[in-house]
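Asks: Sharing a structure with you now.
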Ligand code: ATP
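Rendered as structure tokens:
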């Protein structure tokens, strides 16, 4: 049953307490989700998933953490890299073997279906000469595949390394496909393709988790749970919101979903207890606080009227959250990115520096900083691009020749104590007191506690001369706590570009398609279809075609990189209208883009329906700035932000876009 209200998590479950969860329990719900269409689909999806979680909570609670990760297509928290590392080649080879067909046949079929999941489902079913891989299943009555077996196989795949890893991975996949029904095989392959086609992302799964706990608090007796009291109640939905908020807060400070769920299994709906156990700690990155863009100094002064604030240099590098634990000899220093991924191995020089210089009275700390490349001869910060040249995994001697300077701007944790609730004046003074600047290796963000327009303007110009992007303006005393993961009004960014272009921020957009190039771009892509991210609908929405600002070298590079992600149909999570392109890509890469202004367009879909029912928002004169490897597609500029930017433009800009193809 799709309705959460009429679902009995015990009697409707296809397995008993203590029995391993059949994988079909999950795939049946995934099938149901695929049928959800129309306006209420988000609600229905939440209901279906929360029912799966409720049943698991009651009958097999120890499986809930991994089940949550399964739906999010993860094998653990982001800061532990648990990638399966399966490319399309390995996948097509495995599917071909599983279906007893040639790779060529499978690729042809993929061009028609656009999804290896469908290809394997059809191919496995249609297979006549049950040769190689399905013989065993035919002759002996196969046991149903369990969720545990599938998830453990994925974990095994992620651990394969060395020369034989590809064939080891293939063997694991084939074994799984051998035991799976056609429908199960479809979802195994989709999972490995990193797209279950549920149209849902982490936010929906968290809401479903909150809802399942509201229905079925873990430590409640099932009898009480089954009496469906007040399910439709306003109060019930209030409780869901309260739990969702509480779980989200815990995850911002402690982004380990598996551990948070384990604690929830103990504390049920008691959010105070959840927060007591899931809070900031060394070795687990806090979701970083983010800033709101502003268009000028006047806006800053208007927003911060009557408040003490400070202006800091906005350095142009990679965010580095540095964790230090003197007692942990293996992992004394860890560095995390804006995306919560570990960058520790990419910066062994920074790790060494911190180890060597951490003052003796410091046992533990978390320092928030920007890592920049530094030219020690000319004593200046180098452009961001220099930093991106450093290898991500195997850092070479050559890489280490580029000096990295830590520009420290906040202190979140000190000697066993969280500083998140302290105001910025306190956090900053503690940072200045406990750390020492060291030329070219560690500096404190340069700041000025200015209040007059003229002095801010002067400081902004100075920051740009010193190779920074502009200023970060932060509240000092009231409303000045550190707000993990929030794009807060208490941090404003004032970039030089805003002042030049008359239009707010640059945008971070996802590359979803391309048209082939002509002339000197023949054989490569010529222009790219870009999309923003609607975080309520969890969909990408097309916003512009872009061809400017990309050098010839970059064109070659992007061709090589994007070719590997080509798909034969538009991505399933993309909202597009008439705009079609020569090739579509799996949404994976985020690029920073600037534009002259925003206009309404009948062709593009950003924030479609918010201003006019038939027209979305589009960019005019978009220009490529740089790649953003530190951002996931969910971190791309949201359609709400686009709408805000659009509304804040002077009225005359909001005219209809003449059907120009903006390049
Ligand atoms: P966002 O992080 O806001 O989504 P973004 O990644 O594109 O956007 P910016 O808009 O450029 O980043 O601004 C915020 C980033 O600026 C921070 O994430 C941090 O990496 C960097 N930064 C540089 N200097 C500072 C500073 N003094 N205080 C805070 N952040 C700073």
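In full-length UniProt numbering, the protein residues as written are 373 to 1035. We treat Cβ as the ideally placed atom computed from N, Cα and C, and that holds for glycine.
(1) Is any heavy atom in the ligand ATP found nearer than 7 Å to the beta carbon of residue 663?
(2) Name the DSSP bridge partner or partners of residue 825?
(3) Counting Cβ pairs, one atom from each stretch, are 3 or more of them under 8 Å apart for the segment 823-836 and the segment 667-674?
(4) If the criterion is Cβ atoms closer than 8 Å, does the pair residue 568 and residue 402 meet it?
(5) Under 8 Å between the Cβ atoms of residue 698 and residue 735?
(6) Please state if the CB of residue 559 and the CB of residue 399 are separated by a distance shorter than 8 Å.
(7) Taking 8 Å as the cut-off, does the segment 952-960 touch the segment 984-994 (at least 3 CB pairs, one atom from each stretch)?
(8) In angstroms, rounded to a whole number, what distance separates the CA positions of residue 812 and residue 755?
(9) Let me make sure I understand the geometry here. Which of 410, 526, 438 has the alpha-carbon closest to that of residue 393?
(10) Scan the segment 713-766 and note each continuous alpha helix (DSSP H) run of 4 residues or more that stays entirely inside, going in chain order.
(11) Fully enclosed by the segment 517-566, which alpha helix (DSSP H) runs are 4 residues long or longer?
(12) Would you call the segment 846-863 in contact with the segment 677-693, where contact means no fewer than 3 C-beta pairs closer than 8 Å?
(13) With a threshold of 8 Å between beta-carbons, can residue 487 be considered close to chain D, or not?
(14) Would residue 692 and residue 715 be called neighbours here (beta carbons separated by less than 8 Å)?
(15) Taking contact to mean 3 or more Cβ pairs, one atom from each stretch, closer than 8 Å, check whether the segment 465-475 and the segment 427-447 are in contact.
(16) When you compare only the Cα positions, how much space is there between residue 1021 and residue 981?
(17) Does DSSP classify residue 840 as helix, strand or coil?
(18) Using a threshold of 8 Å, state whether the C-beta atoms of residue 425 and residue 580 are closer than that.
(19) Rounded C-beta distance between residue 964 and residue 844? I'm assuming under 8 Å.
(20) Beta-carbon separation of residue 1036 and residue 646 under 8 Å?
(21) Where in the UniProt domain "ATP-dependent DNA ligase family profile" (769-906) do unbroken runs of the alpha helix (DSSP H), each at least 4 residues long, occur, reported from the N-terminal end onward?
(22) Please state the DSSP three-state secondary structure of residue 680.
(23) Just to confirm, does residue 660 get its C-beta within under 7 Å of one of the non-hydrogen atoms of the ligand ATP?
(24) With DSSP collapsed to three states, give me the class of residue 481.
(25) CB-CB under 6 Å to residue 481, same chain, minus the five flanking residues each way: which ones, in chain order?
(26) Measure the alpha-carbon distance for residue 563 versus residue 445 and round it to whole angstroms.
(27) Near residue 748, which residues of its chain fall below 8 Å by C-beta distance, leaving aside the five closest residues on each side in sequence?
(28) Confirm the yes/no value for this check: CB of residue 817, any heavy atom of the ligand ATP, distance under 7 Å.
(29) Per DSSP, residue 913 is paired with what?
(30) Keeping to the same chain, check which residues put their C-beta closer than 6 Å to that of residue 389; ignore five residues upstream and five downstream.
(31) If we ignore side chains and look at the alpha-carbon of each, how far apart do residue 829 and residue 575 end up?
(32) Taking DSSP as the reference, what is the three-state secondary structure of residue 452?
(33) Are there three or more Cβ pairs, one per stretch, closer than 8 Å when the segment 795-806 is compared with the segment 652-669?
(34) Three-state secondary structure (DSSP) at residue 413?
(35) Specify the secondary structure class of residue 705 as computed by DSSP and reduced to three states.
(36) Tell me the DSSP secondary structure of residue 380 in three-state form.
Replies: The relevant details are as follows:
(1) yes
(2) Answer is none; residue 825 lacks a bridge partner.
(3) yes
(4) yes
(5) yes
(6) yes
(7) no
(8) 15 Å
(9) 438
(10) 720-729, 756-760
(11) 519-531, 537-551, 554-564
(12) yes
(13) Of the protein chains in the structure, only one exists, and it is not chain D.
(14) yes
(15) no
(16) 18 Å
(17) coil
(18) yes
(19) That pair is no contact at about 17 Å.
(20) Residue 1036 lies beyond the stretch modelled for the chain, which goes from 373 to 1035, so this question has no answer here.
(21) 769-772, 796-806, 825-837, 868-873
(22) coil
(23) yes
(24) helix
(25) 491
(26) 6 Å
(27) 775, 812
(28) yes
(29) 904, 947
(30) 431
(31) 40 Å
(32) coil
(33) no
(34) helix
(35) strand
(36) coil
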